[in-house]
Amino acid sequence: MASPWGSLVPVVVILLLWQLGSTIGVIDRIFFPAPLDSFAALVDLIVDGELLPNLWITVQRVLSGFALGVIPAVIVGLAMGLLPWARVVIDPIISILYPIPAVALLPLLLVIFGTGSTPIIVLAGIISFFPTAVNSMAGVLQNDVRLTQMGRNMGASQRQLLWKVILPGALPSIFAGVRLSAGLALLGVIAGEFLAGSDGIGSLTWQYWQVYQITNMYATLAVITAMGFTLTTVTLRIQRRYFNWTEGTS
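The numbering used here numbers the first residue of the sequence shown as 1381 and each following residue consecutively.
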């Protein structure tokens, strides 16, 4: 359970119970197809060439939206933490915009950017912006003031304090926001593809629901789930590989 694959154990157990329930008739296979049936449908979608092109489109959108949201979010969050006037100006704006369901902005984005990938990417960027910005600000504000004072007493410049004291101290909180934003970027893309996309995994899932191909729908949902797991796992591995001290490890 302590291995990297340990987190898959509960998933495997649930799938086995699901398969058993479908086999003995406890679970209705019409609405909840057995995992092996969904896996067979997934293989057919890959062989037919229908899945992988749409998967690649969704991956590109997720990565683009993630970068669009997270990169400026880190900059804005650090500025809010370091500069009181920036916090006074920006924090109320974030407090107003953050509670608004981002999906509700999709019609406005469609009016501004038209159809295609652009409004979906922008939607993912908006959704992924706020957690990283708020966590970056919190990470700076939670820094130990005594370390900054000690650095100043030893003659450190403001730039040295930023790179050697403030930013390293804020990294745990920043990476927590980045991990949240990774999952939210996928959420934004899938929601955008559901409502306004003509391609991508989200659009494919919606099409299968409309024509009541339930097994294919579950197969694409499994792909979406795997994408979310991969995104959060990759960000966690990057944190442990390059910033393992943020978790108290050596």
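Note that beta-carbon positions come from the ideal geometry of N, C-alpha and C, so glycine has one too. None of the values given here were measured: they were computed from a predicted structure.
Does DSSP put residue i in a helix, in a strand, or in coil?
i       : result
Leu1488 : helix
Phe1412 : coil
Ala1536 : coil
Pro1481 : coil
Gly1531 : helix
Gly1557 : helix
Ile1546 : helix
Ile1618 : helix
Gly1494 : coil
Ser1630 : The predicted position of Ser1630 is uncertain, since its pLDDT is 37 and thus under 50; a value taken from the coordinates is nonetheless stated next. DSSP places Ser1630 in coil when its eight states are reduced to three.
I'd like to confirm something about residue i: is its beta-carbon nearer than 8 Å to some heavy atom of the ligand PLP, or not?
i       : result
Val1569 : Ligands are entirely absent from the displayed structure, and the ligand PLP is therefore not among its contents.
Residue range of the alpha helix (DSSP H) that residue i falls in?
i       : result
Gly1505 : Ser1497 to Leu1521
Gln1593 : No alpha helix (DSSP H) holds Gln1593; DSSP gives it neither H nor E.
Ala1466 : Pro1464 to Leu1477
Trp1398 : Val1389 to Ile1404
Compute the distance between the beta-carbons of residue i and residue j, then report whether it is under 9 Å.
i       : j       : result
Ile1501 : Leu1416 : no
Met1460 : Met1534 : no
Val1603 : Leu1463 : no
Asp1524 : Gly1549 : yes
Thr1610 : Thr1600 : no
Leu1490 : Ala1571 : no
Leu1564 : Ser1508 : yes
Thr1605 : Phe1555 : no
Leu1435 : Val1520 : no
Leu1575 : Val1442 : no
Tyr1632 : Val1454 : Residue 1632 lies beyond the range of the chain shown here (1381 to 1630); nothing can be said about it.
Thr1495 : Ser1578 : yes
Pro1499 : Ile1492 : yes
Thr1595 : Ser1402 : no
Compute the beta-carbon to beta-carbon distance between residue i and residue j, rounded to the nearest angstrom, for a pair I have assumed lies under 8 Å.
i       : j       : result
Ser1561 : Pro1511 : 5 Å
Ala1414 : Trp1398 : 7 Å
Gly1580 : Ile1437 : 5 Å
Quick check for students: name the residue ranges of the alpha helix (DSSP H) that lie wholly in the segment 1410 to 1456, counting only runs of 4 or more.
1415 to 1427
Going along the chain, which unbroken runs of the alpha helix (DSSP H) with 4 or more residues stay wholly within the segment 1561 to 1610?
1581 to 1590
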